[in-house]
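Visitor: Let me give you the structure first, and then I'll get to my questions.
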Amino acid sequence: MEAEPPLYPMAEAAGPQGDEDRLGVPEGPEAPLDELVGAYPNYNEEEEERRYYRRKRLGVLKNVLAASAGGMLTYGVYLGLLQMQLILHYDETYREVKYGNMGLPDIDSKMLMGINVTPIAALLYTPVLIRFFGTKWMMFLAVGIYALFVSTNYWERYYTLVPSAVALGMAIVPLWASMGNYITRMAQKYHEYSHYKEQDAQGMKQRPPRGSHAPYLLVFQAIFYSFFHLSFACAQLPMIYFLNRYLYDLNHTLYNVQSCGTNSHGILSGFNKTVLRTLPRSGNLIVVESVLMAVAFLAMLLVRPGMGAGQSVKQSVLGLCGAAYRPTEEIDLRSVGWGNIFQLPFKHVRDYRLRHLVPFFIYSGFEVLFACTGITLDHGSNIPGGYGVCSVGLERLAYLLVAYSLGASAASLLGLLGLWLPRPVPLVAGAGVHLLLTFILFFWAPVPRVLQHSWILYVAAALWGVGSALNKTGLSTLLGILYEDKERQDFIFTIYHWWQAVAIFTVYLGSSLHMKAKLAVLLVTLVAAAVSYLRMEQKLRRGVAPRQPRIPRPQHKVRGYRYLEEDNSDESDAEGEHGDGAEEEAPPAGPRPGPEPVGLGRRPCPYEQALGGDGPEEQ
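Quick note, the sequence shown lines up with residues 19 to 637 if you use my numbering.
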């Protein structure tokens, strides 16, 4: 019987051919190095490269969805809590029973002042904060301040509500400026990862054609604002599932109301001082606030930055938002000097494109606040007014805002039509919808406590949401296309959202104006914005060159390997031959140049000392 061969080959005595295997390749010390450390025989470099960039693109999509969901939850919690808080504090019985003579209306007025007035100073500190913390960390910290505002409602006192409202007002512009910058950067990264072969063929030093990232930017902005406008519907969940069961119907709350709509005069007269049929239990309020606090904490986890390449699986799951810039790019963005960072937003006023878009920035703030105050609830005075609550009652406020939210969220996807239509069409279409609605509202005065025509209000709210969506999506996409240089984007989005904050502050000051005066201001601003924007597009077609401020060259105080190259990979085109101020993404392919010679008056760095042998290690 023949013996079975061993499972593993047995060592044999080395003969004349003992150091070679069966194929004649020598083993042991004589074996060639390529056989030991060579590439895997079935390795396909092109396939691995394709998979690598596919993972990169999926990571960018994850970042966009996480930032969009985080913004939706953050703003939904903030609006829902503020709305519920103002309605509860408006009720006379609730104030007397719960808080006695603590002066709750005075606290609410100061809290609203902190939220609306503080952002006026945001232009002074927002660019500095974004450059200091970075885009992704600024998003995380701002969402954390929103969560702080939610937490102070567990103990409603002057020293908790007012300081947290001031902090929230300081975080409004930095949050939305960093969000807009982040989405734009993700579109640029997605374009880079989708066209990596073209970049390899053209060379890494040659920047892609201008506007090449525009289709991805349009899609990402549509996704972001589709999520964001859902925040108005999310904010109504506490009203629908909790507060509505305690509210009186419209026959009680609107008993003494005589006029609505275009005949109303700022603060609604005749609205009942008691709107709560029964007072909610403190335990139930704590449960609702705890749910809102948990959602705010979830929003913080969604926008929590990743911890880098060495993070664990748990960290990579919790840190969903990746970096907007490479670490070396963030260093360069900070290294232009804090004085220059402070001045550059003001210097961008030289650009005629921004000057022509300022009326649209202001109108963007007017229209979104008119949807929340004129059509539904008077936010500035804490008293319901306008068209919606004045005619159909406080118990239907939530459904009006849900109609606005769903219309705006669905219409945000209409921005994708910009992939096939000319660029001005979405913005002009949104302005046209609002112009038509404003004319109709200017001559319409609904009758209080009459529900037969309530469907007109729901249609008007949904159509106003359509115009708002086209406005917001079109403006953010336009800014990302006009200013695609990554060293300018945070300044541009800061200017945009600062003008929105100025418009909201103006609405806060004019909350007691007659409704016709509000509509007239809205109408004039809308027409001026549309004309100014079309004038800007005409100048661009004529080839009028914009005047942009020069971005200073980064001044690095620490010398290291990265800045010893003769060709600085982060040199902006403003310092090079193109002059448009955009940084490049990576150094050119090929061997890296050697270190520069050590000149007089400069101490050699460790890398040069190691090459030259004149470092302190060898002394």
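We put the beta carbon where it would ideally sit given N, CA and C, even for glycine.
1) In or out: HIS471 buried (at least 16 other Cβ within 10 Å) or exposed?
2) Within 10 Å of its beta-carbon, does LEU497 have 16 or more other beta-carbons around it, so buried, or fewer, so exposed?
3) What are the boundary residues of the alpha helix (DSSP H) that includes GLY229?
4) Can you tell me the Cα-Cα spacing of GLY355 and GLU505, whole angstroms?
5) Let me confirm a value: TRP194 is counted as buried when at least 16 other C-beta atoms fall within 10 Å, else exposed. Which label applies?
6) Given THR153, which residues of its chain have a CB within under 6 Å of its CB, disregarding the five upstream and five downstream residues?
7) Between the C-alpha atoms of ARG68 and ASN81, what's the straight-line distance to the nearest angstrom?
8) Please list the terminal residues of the continuous alpha helix (DSSP H) segment that includes ARG506.
9) Should PRO233 and TYR264 be called a contact, given that it needs their Cβ atoms to be closer than 8 Å?
10) Ignoring anything shorter than 4 residues or poking outside the stretch 454 to 510, list the alpha helix (DSSP H) runs there in chain order.
11) Since ARG149 and ILE359 are thought to touch, with beta carbons under 8 Å apart, how far apart are those beta carbons, to the nearest angstrom?
12) Does PHE167 pass the burial test, meaning 16 or more other C-beta atoms within 10 Å, or should it be called exposed?
13) By DSSP, does ALA338 sit in helix, in strand, or in coil?
14) Quick check: what's the CA-CA separation for TYR164 versus GLY561?
15) Since TYR70 is in the alpha helix (DSSP H), which residue starts that stretch and which ends it?
16) Applying the criterion that 16 or more other CB atoms from any shown protein chain within 10 Å of the CB defines a buried residue, is PRO123 buried or exposed?
17) Let's test the definition: count the other Cβ atoms within 10 Å of the Cβ of ARG322 and tell me whether it reaches 16, buried, or not, exposed.
18) Assign PRO440 to buried or exposed, taking buried as 16 or more other Cβ atoms, counted over all protein chains shown, within 10 Å of its Cβ.
19) Can you say whether ASN639 is buried or exposed, counting buried as having 16 or more other CB atoms within 10 angstroms of its CB?
20) May I ask which residues mark the beginning and end of the alpha helix (DSSP H) holding VAL135?
21) Kindly indicate which three-state DSSP category LEU531 falls into: helix, strand or coil?
22) So what does DSSP say about LEU418, is it helix, strand or coil?
23) Tell me whether the beta-carbon of VAL309 lies closer than 8 Å to the beta-carbon of LEU434.
24) Taking the alpha-carbon of ALA87 as reference, which of PHE315, PHE511, PRO137 and LEU540 has the nearest alpha-carbon?
25) Between GLU64, TRP473, SER249 and ASN302, which has its C-alpha nearest LYS215's C-alpha?
26) On the criterion of 16 or more Cβ atoms from any shown chain inside 10 Å, does THR296 qualify as buried, or is it exposed?
27) Counting only the same chain and skipping the five closest in sequence on each side, list residues whose C-beta sits under 7 Å from that of SER282.
28) Cα separation between ASP396 and ARG203?
29) How should GLN254 be labelled, buried or exposed, when 16 other C-beta atoms within 10 angstroms of its C-beta is the threshold for buried?
30) Can you name, in chain order, every residue of its own chain whose Cβ lies under 7 Å from the Cβ of LEU235, other than the five neighbours on each side?
31) Within 10 angstroms of the Cβ of TRP173, are there 16 or more other Cβ atoms? Answer buried if so, exposed if not.
32) Under the three-state reduction of DSSP, which class applies to HIS213: helix, strand or coil?
33) Count Cβ pairs between the stretch 487 to 494 and the stretch 240 to 255 that sit closer than 8 Å; are there 3 or more?
34) Kindly identify the DSSP beta-bridge partner or partners of PRO323.
35) Would LEU179 and ILE258 qualify as a contact pair, given that the criterion is a beta-carbon distance under 8 Å?
36) How would you write the range of the alpha helix (DSSP H) that ASN60 sits in, first residue to last?
Guide: Taking the coordinates as given:
1) Per the 10 Å Cβ criterion, exposed.
2) Buried.
3) Annotation for GLY229: no alpha helix (DSSP H) segment contains it, and DSSP assigns it neither H nor E.
4) Separation of GLY355 and GLU505 (C-alpha to C-alpha, rounded to the nearest whole angstrom) is 13 Å.
5) It counts as buried.
6) Take THR153, set aside five residues on each side of it, and the residues of its chain with a beta-carbon closer than 6 Å to its own are SER196, ASN199, TYR200 and ALA342, in chain order.
7) When rounded, the distance between both Cα atoms is 20 Å.
8) Careful: ARG506 lies outside any alpha helix (DSSP H) and carries neither H nor E.
9) In this structure, PRO233 keeps its C-beta atom at 8 Å or more from the C-beta atom of TYR264.
10) Taken in chain order, the whole alpha helix (DSSP H) runs of length 4 or more contained in the stretch 454 to 510 are 472 to 500.
11) Your pair ARG149 and ILE359 checks out as a contact, with CB atoms roughly 5 Å apart and the cut at 8 Å.
12) So PHE167 ends up on the buried side.
13) In the sequence as displayed, the identity of residue 338 is Leu instead of Ala. It is coil, neither helix nor strand.
14) If you draw a straight line from the Cα of TYR164 to the Cα of GLY561, it is about 44 Å long.
15) Per DSSP, TYR70 belongs to the alpha helix (DSSP H) from 63 to 108.
16) Exposed.
17) ARG322 is buried by the Cβ-count criterion.
18) By the 10 Å Cβ count, PRO440 comes out exposed.
19) Coverage of the chain is limited to positions 19 through 637, which leaves residue 639 absent and any answer about it impossible.
20) For VAL135, the enclosing alpha helix (DSSP H) covers residues 122 to 135.
21) Of the three classes helix, strand and coil, the one that applies to LEU531 here is coil, per DSSP.
22) LEU418 falls in the helix class under three-state DSSP.
23) Contact: no.
24) Considering only alpha carbons, the answer is PHE315.
25) Of GLU64, TRP473, SER249 and ASN302, the residue nearest in Cα terms is GLU64.
26) Flag for THR296 reads exposed.
27) GLY403, GLY404, CYS408 and MET533, listed in sequence order.
28) Here ASP396 scores only 47 on pLDDT, less than 50, and its place in the model should not be relied on; the value that follows carries that caveat. In a straight line, the C-alpha of ASP396 is about 37 Å away from that of ARG203.
29) So GLN254 ends up on the buried side.
30) For LEU235, same chain residues with a beta-carbon under 7 Å away, outside a window of 5 residues either side, are THR202, ALA205, THR495, GLY498 and ILE499 in chain order.
31) Around the beta carbon of TRP173, fewer than 16 other beta carbons sit within 10 angstroms, so the residue counts as exposed.
32) In the structure shown, HIS213 adopts coil according to DSSP, grouped into three states.
33) As far as the Cβ criterion goes, the stretch 487 to 494 touches the stretch 240 to 255, which means the pair count is three or higher.
34) Beta-bridge pairing links PRO323 to CYS339.
35) Not in contact: LEU179 and ILE258 (Cβ atoms no closer than 8 Å).
36) In the DSSP annotation of this structure, ASN60 is not part of any alpha helix (DSSP H), being labelled neither H nor E.
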